[in-house]
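*Asks:* Letter by letter, the sequence shown follows residues 145 to 222 in the numbering used here.
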Amino acid sequence: MAAMQSRGLLGDYSSPYRDLMPDAGKSAGWTGVRRLAFVAGWNTGNITPEQLPKDYAGFADPKWQGRISMEYSDSTGM
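#1: From the DSSP output, read off the bridge partner residues of K170.
#2: Could you pull the start and end residues of the alpha helix (DSSP H) that A147 belongs to?
#3: DSSP state of A184, grouped into three classes?
#4: Looking at A146 and D156, is the spacing between their C-beta atoms short of 7 angstroms?
#5: State the DSSP-derived secondary structure class of K198, mapped to helix, strand or coil.
#6: Go through its chain and collect everything with a Cβ distance to S150's Cβ below 6 angstroms, but skip five positions before and after it.
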């Protein structure tokens with residue numbers, strides 16, 4: 145949406161629903177209508193919080209191979 149806005153393809157608009165959205169989800173010519181949330185969970189009987197990586201990139205470590213799962217589209221860049 146930001147790319148379309150930067151090319152002047154979107155116009156200003158107003159809506160009572162737009163006013164209910166957080167500022168982070170709207171710009172001059174558009175309003176985000178959904179938010180994506182990612183949640184990590186683990187079996188606390190097998191893995192302690194100290195063993196977890198500090199960020200998602202840490203799951204690329206080979207020690208996690210076969211030990212994690214994720215939504216297919218998140219793993220393929222779809």
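For every residue, glycine included, the Cβ atom is placed at its ideal position computed from N, Cα and C.
*Replies:* The answer reads as follows:
#1: Bridge partners of K170: T175.
#2: A146 to S150
#3: coil
#4: no
#5: coil
#6: none
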